[in-house]
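Read left to right, the sequence shown gives residues 1 to 148 (UniProt numbering).
Here's the structure, in structure tokens; my notes come after.
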Amino acid sequence: MLNALEIVTTVVVGVMVGVEFSVAFVINPILNALPEDSGQLGRAHGGRMLGALMPVWYIGSLVLVAVWAIAGWHRPGAGLAATAGALLILSVIMSLLLLVPINNRGKTWTPENRPADWKEQMNRWDRFHYVRVAVIIAAFTLLVAALA
């Protein structure tokens with residue numbers, strides 16, 4: 001049963017990493033290259049859609065990792081899983097303090113109501129997101145190592 005939990009947890013976190021990596025290095029660069037207001041509208045829609053999904057995914061991933069670390073504490077790799085959990089906690093804190101406030105503003109913007117500095121705010125979100133992606137990649141890497 002613990003083996004199944006380890007595999008499911010690793011897959012869930014790995015797919016989350018893939019989504020966040022894609023947002024950082026594929027989706028947002030595509031949206032930024034679109035003409036006129038299309039990119040801003042796309043980012044607002046993405047902020048609404050992923051803003052509803054990702055909190056559940058982050059917290060669910062954290063719960064799975066915590067259960068793995070606790071249930072498997074007697075097994076090799078539990079320390080790596082616990083460290084991965086600490087990194088996921090860091091990613092949630094980063095999200096709540098740095099990314100969510102910007103996202104909450106950006107998801108309501110239209111070409112008519114966006115602030116003059118909207119591009120700077122999106123660039124700030126991108127920079128914070130790059131750091132968060134690095135943190136969750138590190139967590140995922142530790143989970144993979146814990147499987148060995």
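Heads up, the beta-carbon is just placed ideally off N, CA and C, and yes, glycines get one too.
- If you check the CB distance, Ala71 and Leu143 do not come in under 8 Å.
- Of all alpha-carbon atoms in Gln40, Val67, Arg124, Leu64, the one lying nearest the alpha-carbon of Ile102 is that of Arg124.
- In terms of CA proximity to Leu147, Ala78 leads the group Asn104, Ala78, Val131.
- In the assembly as shown, Gly18 is an exposed residue. Its beta-carbon has fewer than 16 other beta-carbons within 10 Å.
- In the three-state reduction of the DSSP assignment, Gly72 falls in the coil class.
- Our two residues, Leu2 and Trp68, have alpha carbons roughly 7 Å apart in a direct line.
- A distance of 8 Å or more separates the beta carbons of Ser95 and Tyr130.
- In the structure shown, Lys107 falls within a coil segment according to DSSP collapsed to helix, strand and coil.
- At least 8 Å separates the beta-carbon of Gly85 from that of Arg43.
- With a beta-carbon spacing of about 17 Å, Leu64 and Val135 fall beyond the 8 Å limit used to define contacts.
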